[in-house]
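Protein chains in written order, with the working numbering: chain A, 28 to 242; chain B, 240 to 431.
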């Protein structure tokens, strides 16, 4: 508990972009690849993860002083599993079609490393408000990637967005994009672009420092 | 008997856990840089999967009939404690094997392939024998994917690759190509 407290605002922004769970921490790849074949699935997954992440981070932060250090991981997993069960049953009741399409990936939110990672690395050391802000930031960061991935894959792979036709009836869809290989290729492309952007930035930064030194 | 082998073959190749169903991607990305470690991770995985299949069958037949809403919590608790017990037993019985599997065992707890296996086994209503073959197929498929990936990555170490692509993005593109190759088996499923 000796960690320095983090302001909620910083925790939120770190989660959304600077420490984006998928792009920077490279966590939660399974759902990112598996359920992004349609935008509707991506939205449902984003919402389910947001609910579980925010609720369990808040809960972990609340009980952090009550849980003995040796059994903390098991305790966190139990908390997460409870919220995932709630999310699973809710989705099944409200949107049975989407729930069926996502198959085992709703219950598999339990082993999504983002959630346990945030519980262990952040919520177990910080105040409740900061933990909830951190969870919300990470959820939005995760949902952002899900949206980009599922948008690309559905528009190119089926020629639709949320089921509405984008390119008209004469478009020949690239079916491969909504199949498993398309998931890998799309994520590879997204990571590649982010990587390239970051390299250009750090290169620009380095040359700026060099110029300043020379001056 | 034919059915059992069909389950084994289809989970190993046609519906490969990693390349077609996106389960167990963490070890796939994490420990696939050397063939040796990939083999060990695969072996540890097969081992835990087989035991999980038996436990899940026991849970489904005797416990969860009375409380289906506890399914997820029961699975995750059983898997987590199972891995701990297996680790302790191996450490006691065969220190050599423990040395070989080492850090891979605890990593398996948070491997979604194991929980995925448990959930599929339940939703498809597999019995004990079917479950075991399903687990064996899943484990072998994971091992196959890991070893393929590791051999490609070892070969790529000496290749000239643009700096931007290096790292996780490259692994994604390789996985995509592997997945594409495995899709060729999909025809087998509809042919039968």
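Glycine included, C-beta positions come from ideal geometry on N, C-alpha and C.
- Taking the Cα positions, residue 238/A is about 14 Å away from residue 229/A.
- Taking every protein chain shown into account, the CB of residue 184/A has 16 or more other CB atoms within 10 angstroms, so this residue is buried.
- Residue nearest to residue 133/A within the set 227/A, 47/A and 73/A is 73/A (criterion: CA-CA distance).
- For residue 250/B, there is no enclosing alpha helix (DSSP H), as DSSP marks it with neither H nor E.
- Between the stretch 132 to 148 of chain A and the stretch 108 to 123 of chain A there are three or more inter-stretch CB-CB distances shorter than 8 Å, so the stretches are counted as touching.
- Apart from the 5 residues on each side of it in sequence, residue 300/B has no Cβ closer than 8 Å to any other Cβ in its chain.
- Around the CB of residue 266/B, 16 or more other CB atoms lie within 10 Å, so the residue is classed as buried.
- DSSP places residue 284/B in the uninterrupted alpha helix (DSSP H) bounded by 274 to 297.
- When DSSP reads this structure, residue 187/A sits in a beta bridge with 192/A.
- For residue 375/B, the uninterrupted alpha helix (DSSP H) segment begins and ends at 367 to 395.
- By the neighbour-count criterion, in which a residue is buried when 16 or more other Cβ atoms sit within 10 angstroms of its Cβ, residue 96/A is exposed.
- Counting along the chain, no alpha helix (DSSP H) covers residue 42/A, and no H or E run does either.
- Membership of residue 326/B in the alpha helix (DSSP H) is indicated by the continuous run 310 to 332.
- Between the alpha carbons of residue 426/B and residue 41/A lies a distance of about 45 Å.
- Take the alpha-carbon of residue 37/A and the one of residue 274/B: they are about 42 Å apart.
- One finds 207, 208 and 211 in chain A with Cβ atoms closer than 7 Å to the Cβ of residue 418/B, taken in chain order.
- At a cut-off of 8 Å between C-beta atoms, residue 47/A does not count as an interface residue with respect to chain B.
- Per the Cβ contact rule, the stretch 213 to 227 of chain A is in contact with the stretch 408 to 428 of chain B (3 or more Cβ pairs under 8 Å).
- For residue 111/A, the secondary structure class from DSSP, reduced to helix, strand or coil, is helix.
- Closest option to residue 129/A, judged by alpha-carbon separation, among 59/A, 46/A, 204/A and 153/A: 59/A.
- When Cβ pairs closer than 8 Å are counted between the two stretches, the stretch 240 to 259 of chain B is seen to touch the stretch 367 to 380 of chain B, the count reaching three or more.
- In this structure, residue 177/A and residue 85/A do not form a Cβ contact; the two beta carbons are roughly 27 Å apart against a cut-off of 8 Å.
- Using a Cβ-Cβ cut-off of 8 Å, residue 204/A does not count as an interface residue toward chain B, since no Cβ of chain B sits closer than that to its own.
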